[in-house]
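A short worksheet on the structure shown next.
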Amino acid sequence: MENVSVQQAQRQRRLGNSLKYFGLVLLALIVIFPFVLGLWTSFLPSMDIAKGSYWSTHLSLNNYVAAFTKTKILRYLFNSLVISTLVMIAHVFFCSLAAYAFVFLKFKYRDALFYIVLATMMLPFEAEVIPNFTTVRQLGLLNHYAVMIIPFLTSAFGIFMLRQAFLQIPADLKAAADVEGLSHWQFYWQVTLPYSKISLVTLAAYSFLGSWNQYLWPMLTTFSDHLRPVQDGLRQLQSEETFNDWGMIQASAAIVVVPTLIVLLIGQHYFKSGLNAGAVK
Amino acid sequence: MGIELQGITKSYGHDTQPVLSAVNAEIQDGELFVIVGPSGCGKSTLLRMIAGIIPISDGILKINGQIMNGVPPKDRNLSMVFQSYALYPFLNVADNVAFGLKARKMAPAEIEQRVTEALTMVNLTEYRDRKPRELSGGQRQRVALARAIASDSKICLMDEPLSNLDAQLRVRMRAEICELQRQLNLTLIYVTHDQTEAMTMADHVMVLNDQHVQQIDTPLAIYNHPANHFVAQFFGTPQINLLSAMTSGTAASAQLVIDDDLEIELDQPLAAGRYTVGIRPNELQLTSVADQAGNATVINVEALGDQTIIEAILDNDVEVRVVAAGQMQVALDQRVTITALGPAFVFGTDDTLIAEQRGAKDARVATVN
């Protein structure tokens, strides 16, 4: 009798799980469909795409070859890589320094200053575009790498995020470091940064991707292919020619996504919990 | 020399009550000085002021004759062990121990030698490459100890270092710490809330309660002559019995009466009035009697094997604890007569000790000393 009811319960649970997974798979397919479609079309000749025959069997890497040989996509990738890497390094460095000050230094108006930093997050980027544009023009930075880096050297969100991470460092660890005679610089470099490694990697990935995906600002401030980052480069491919080579554009888009995936994969390696277990009981 | 505390006070803000007021003490070189008190009494605050982690509001702190108020922690030349161990999770055991030495820019060869020595002392040599998260609580505690040993400062501060360990390990680590302290001739200031640790480890004990120093003395002197109610209650398990008593008759008398059967005979007469008498559970005697006789009823019996702890309620509704040696057969609700063996403390209206009656047992202890 009991055996039967145990089996029944198991069957019900399995049925429930099956339904749940069916729903999840369905949602996943909906989300992933545009990406799969994009990737699929990148292997198709543009003629087939234009005709709408997506089930074509003329799959080839020709579009990729064309993207590398006929367009400046390598230059765009290089530009984006330089800009994003510099912005990422600057974010990690300046945000961690600022966050350290907000957590471990005691000074007048510390909290007020922090709230002001937070308040800047409430202003949407689009609202700052015009005054920022005027500023960089007067500084003579237009059409230069600097224009895509200097305004983005730090981020309020990064400061906020790292401050929260640094607040997790046990007070006893700071006290122990004080007794052992660590200077602020030593504590920052040898304890704070290693302790908050996960948050730092997260911020680095976030900053890199944020910079990689910038579109509006580079479009406004750069005028030559020589300096354009990928997102604006992609746009450029579309309008330069009268007949849009959609297959090649899709291939370029796929290429542009690859660094993003690499950053996420590297980042994911660090998102393991429990790295800081054992510091304090 | 050693460490001198003169009127050390800590208050946060001007209008608020101080969390620690006017602490005076002198800690000799090479002694194990225990600061004990219930949680919230300010003992950790005091330790952190000595370490320089939090500033001293008022008073003077001298280490080896030098005034240390306002001197940063690293220049006080001391080491500290935290309740939470405060290990660096991303460094292995050896690097954790070496960390402070590296920060002080010591020569690598000397660092290596000290780390090896310190790890040998705490029996962690084979764990030197492990991360703290791969160690048990006791081993983490020992890494923290090794860190203190490796720094060659002669003053070590410990903030409840054993409170996260299980009972057996605590007893073992207690002995290990005492041994290390003697071996290295450390001046060790040890904060705990555990009176057993204070009794078993200390050369001198400071009892803190209610933001004030209650008593500073050797452990036995505190046990034998508690300065007030609080100290008497804090030291000794089971807790001392505090009973209300009247002098017999209307004139000054040497006899204090708790009830008809339970009374204390003092050497010196006391002025007539009401006093509080403290009698340790093992200085009370309990004999079973027939129905309705006697002066108390048994409400709880704990047989520990080598001793029996009996809780009884006196007919005037006061609970008393009695400890009898060996295994004693007493039933619940049994009527008993409780009498005093002799030794007792008499506290005045302000809770301070005003007289004590030394009994036969006390005299024996005295001759051993």
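Residue numbers (UniProt numbering), protein chains in the order written: chain S, 1 to 281; chain E, 1 to 369. Quick reminder that beta carbons are idealized off the backbone N, C-alpha and C, glycines included. Note that the structure is predicted; figures quoted are calculated from it, not measured.
In this structure Q268(E) is not in contact with A344(E), their Cβ atoms being roughly 13 Å apart against a cut-off of 8 Å. Cβ-Cβ separation between K74(E) and G181(S): approximately 3 Å, consistent with a contact (criterion under 8 Å).
Identification of residues in the segment 36-57 of chain E having a C-beta nearer than 8 Å to some C-beta of chain S yields R48, A51, G52 and I53, given in sequence order. Taking one beta carbon from each stretch, the segment 27-47 of chain E and the segment 183-192 of chain E have 3 or more pairs nearer than 8 Å; the two touch. CA-CA distance, D306(E) to V330(E), rounds to 15 Å. When 9 Å is used as the limit between beta carbons, Y195(S) is near these residues of chain E: Y88, P89 and F90, in chain order.
With fewer than 16 other CB atoms across the displayed protein chains lying within 10 angstroms of its CB, A293(E) is exposed. Close to E180(S), with beta-carbon spacing below 9 Å, are these residues of chain E in chain order: P73, K74, S79, M80, F99, G100, L101, A103, R104, R147 and S151.
Residue-level contact check: S84(E) touches chain S, since one or more beta carbons of chain S fall below 8 Å from its beta carbon.
Around the C-beta of W212(S), 16 or more other C-beta atoms lie within 10 Å, and the residue is accordingly described as buried. Comparing alpha carbon positions, the residue from H144(S), V25(S), Y64(S) and E128(S) closest to H226(S) is H144(S).
Here C41(E) carries a coil assignment [DSSP, helix/strand/coil].
Per the Cβ contact rule, the segment 3-23 of chain E is in contact with the segment 50-61 of chain E (3 or more Cβ pairs under 8 Å). The way I'd put it, the segment 92-99 of chain S does touch the segment 157-177 of chain S; three or more beta-carbon pairs between them come closer than 8 Å. The segment 78-87 of chain E makes contact with the segment 144-160 of chain E; the number of CB pairs closer than 8 Å reaches 3 or more. Distance between P72(E) and F234(E), taken at the CA atoms: about 35 Å. Rounded to whole angstroms, Y127(E) and S244(E) show a C-alpha spacing of 57 Å.
In this structure, DSSP gives R321(E) an extended state, which the three-state scheme calls strand.
Runs of the beta strand (DSSP E) spanning 3 or more residues and lying entirely within the segment 217-285 of chain E occur at 241-247, 253-257, 263-270 and 274-279, in chain order. In this structure, the beta-carbon distance from A165(S) to S207(S) does not fall below 8 Å. When DSSP states are grouped into helix, strand and coil, R182(E) belongs to the helix group. Annotation: Q255(E) to E311(E) spans about 25 Å, alpha carbon to alpha carbon. Here the alpha carbons of A340(E) and L208(E) stand approximately 30 Å from one another. For the pair G278(E) and N241(E), the CB atoms are nearer than the 8 Å cut-off.
Unbroken beta strand (DSSP E) stretches of 3 residues or longer found wholly inside the segment 65-89 of chain E: 78-81, given in chain order. Under DSSP, L208(E) forms a beta bridge with V213(E). Between the C-alpha atoms of I299(E) and A325(E) there is a straight-line separation of about 19 Å.
Under the three-state reduction of DSSP, T192(S) is assigned to helix.
Taking all protein chains shown into account, M206(E) has 16 or more neighbouring C-beta atoms within 10 Å of its C-beta and is therefore buried. In terms of beta-carbon proximity, L173(S) lines the interface with chain E, with at least one pair separated by less than 8 Å. Under the three-state reduction of DSSP, Q186(S) is assigned to helix. Contact between the segment 188-203 of chain E and the segment 158-166 of chain E is present: three or more C-beta pairs spanning the two stretches fall below 8 Å. Around the beta carbon of R14(S), fewer than 16 other beta carbons lie within 10 angstroms, which makes this residue exposed. Neighbours of V103(S) in chain E, taken as residues at a C-beta separation under 9 Å, are lacking, since the least C-beta distance is about 16 Å. Within chain E, M80, F82 and A86 have C-beta atoms less than 7 Å from the C-beta of A176(S), given in sequence order. Around the Cβ of W55(S), a 10 Å sphere holds fewer than 16 other Cβ atoms; the residue is exposed.
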